[in-house]
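> Protein chains in written order, with the numbering used here: chain W, 1 to 289; chain A, 1 to 283.
1. Using three-state DSSP, classify residue 164(W) as helix, strand or coil.
2. Looking at chain W, which residues of the segment 68-94 of chain A have a Cβ within less than 7 angstroms of any of its Cβ atoms?
3. Please confirm if the segment 198-207 of chain A is in contact with the segment 127-139 of chain A, defined as three or more CB-CB distances below 8 angstroms between the two stretches.
4. At 7 angstroms on the CB atoms, spell out the chain W contacts of residue 131(A), in chain order.
5. So, helix, strand or coil for residue 200(W), using DSSP?
6. Between which two residues does the alpha helix (DSSP H) holding residue 288(A) run?
7. Just the Cα atoms here: how many angstroms apart are residue 232(A) and residue 185(W)?
8. Using DSSP with H/G/I as helix, E/B as strand and the rest coil, what is residue 184(W)?
9. If you compare alpha carbons, which of 70(A), 102(A), 174(A), 209(A) is closest to residue 250(A)?
10. Pick from 168(A), 150(A), 37(A): whose alpha carbon is nearest that of residue 100(A)?
11. Let me make sure I understand the geometry here. Which of 16(W), 262(W), 277(W), 27(W) has the alpha-carbon closest to that of residue 142(A)?
12. Cβ of residue 206(A) less than 8 angstroms from any chain W Cβ?
13. Using the Cβ count rule (16 or more neighbours within 10 Å means buried), how would you classify residue 148(A)?
14. For residue 250(A), would you say it is in contact with chain W, using Cβ-to-Cβ distances shorter than 8 angstroms as the test?
15. If we define contact as Cβ-Cβ less than 8 angstroms, is residue 123(A) a contact residue for chain W?
16. At what residues does the alpha helix (DSSP H) containing residue 53(W) begin and finish?
17. By how many angstroms is the C-alpha of residue 181(W) removed from the C-alpha of residue 219(W)?
18. Kindly say whether residue 97(A), judged by its beta-carbon, lies nearer than 8 angstroms to any beta-carbon of chain W.
19. Along the beta strand (DSSP E) that carries residue 145(A), what are the first and last residues, could you check?
20. Could you have a look at residue 126(W) and say whether DSSP puts it in helix, strand or coil?
21. Determine, using beta carbons only, whether residue 133(W) comes closer than 8 angstroms to chain A.
22. Using a 10 Å radius around the Cβ and a threshold of 16 neighbouring Cβ atoms, would you call residue 161(W) buried or exposed?
23. Can you give the Cα-Cα distance for residue 213(A) and residue 188(W), rounded to whole angstroms?
24. Mapping DSSP to helix, strand and coil, what is residue 147(W)?
25. Report the neighbours of residue 36(A) on chain W: residues whose CB is nearer than 7 angstroms to its CB, in chain order.
26. Thinking residue 230(W) and residue 120(W) are a contact (beta carbons under 8 angstroms), I'd like their distance in whole angstroms, please.
27. Just to confirm, is the Cβ distance from residue 3(W) to residue 103(A) under 8 angstroms?
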């Protein structure tokens, strides 16, 4: 759509601007303030320059948390995106069953995150949980509170359970928008199922899939509540992802300076990756018209 | 549009029975989704003795005592009331400010529009963990700590950008000629927006409201940090079940089941818009 230039449109954006300034800019400035100052208590602050940033960049702890976080986000994207597409391809396209699938699939998305954690915490317990009990009965040693691998598997299965439906629903919306004529043309050309997917369905889904990947990346990178409830970051620090580590530092130990420096770098990483996605996405939008 | 693909021809190779493989895949996936929820429901209907001492696939000794505990104790059920109050406030605030802004982004070019749009989106990316402490200090200093409005405002951090994003997508689909015709017919902006434009994007508003509800309802870190007693959300109250004698599993499970219900209700109401909604209006 060709838009007209109109500077008065700023007035329409003003309420959002004021609200976001209050709820985002002021807190963010507090963080920036802390990140460049040190304190001896009693609200006396003095300039510390970039000392906290240097300290955090040199700290093993942050790099480890960042590494674990990238592993986590990477693994869940690799599982959820193909699985989500696969589920979407198999969903009934219309009718009552389609609605049933949509409703049931949306259900995990609307469960409060700590309840998601609680569900899996219970589900995986060997004494009272179905999953843990079954694995135990099968003779597999499974204990997510003691074993690093088990803890990771539990968290990843939990996230797949929680969020794959989002990818599937987005992909499904993309699939539904493909006109029938495309499939008929493919049939005349006797295209194989794979070719239909590769040259018709996948390109038509690319827009929504970018949104899906962007949302899943952002949200998995910010994940806090679910792993905190299930493993509390343990065993040891094995599942201490970035947010868990940050909350420990800021609200647990009150190391405000380092935590603030950590926050800013954390935010910048998300920003950078999201900017890349966003640029790709807007370019796609332009190509489509 | 919705039913166009309903008659999609069978393009699979002949050897594969189409219906069956689909049912198997969807069946397995839905079982995977429902099992953990079923287990929670199962536990919520058992006594603690049955939960801890025997392993049963369905409650042998069916009891509603766990639900009775929650629904009769104000300390418990006020948590649900608090959550619903701030979620509603948040949805109303988010939509009220996002509607005009989304209109501006979808209709006009203005100085810095693209940067502003991306900057808004960055707030959707901000980890709540980064904002927990500054929010605590900010809302304490303006005297809003432990109020519903504080949590509602804090949640606008990620809901307003999302609402703007979704609504902008839906508004782009409305032809601009409608605006121009209305202005020529002598409608002012306010009257045009409320009387003509908003009904046209009603499904978009519904979808945006759904998402605001969803992300405000499921969030815990900020709502817990900003409340102590008066506005404490149900999700935070659930940690109370860890008493001196261990965890009260039955009540914990019942509380969990009750937190799923509002979401299920909301889904039921928007079920016909879910598919389009999840594409944020961009299909």
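Every residue gets a Cβ at the ideal spot worked out from N, C-alpha and C, and that includes glycine.
Based on what the coordinates show:
1. The answer is helix: DSSP assigns residue 164(W) an H, G or I state.
2. Here the close residues number zero.
3. The segment 198-207 of chain A is not in contact with the segment 127-139 of chain A.
4. 27
5. helix
6. Nothing in the structure corresponds to residue 288(A), since chain A is present only between 1 and 283.
7. Rounded to the nearest angstrom, the two C-alpha atoms are 58 angstroms apart.
8. helix
9. For the residues 70(A), 102(A), 174(A), 209(A), the minimum Cα distance to residue 250(A) belongs to 70(A).
10. 168(A)
11. 27(W)
12. no
13. buried
14. no
15. yes
16. 51-58
17. 37 angstroms
18. Yes, because at least one Cβ of chain W sits closer than 8 angstroms to the Cβ of residue 97(A).
19. Note, residue 145(A): premise wrong, no beta strand (DSSP E); not H, not E.
20. coil
21. yes
22. buried
23. 46 angstroms
24. coil
25. 119, 120, 123, 161
26. Residue 230(W) to residue 120(W), Cβ: 5 angstroms. Contact.
27. no
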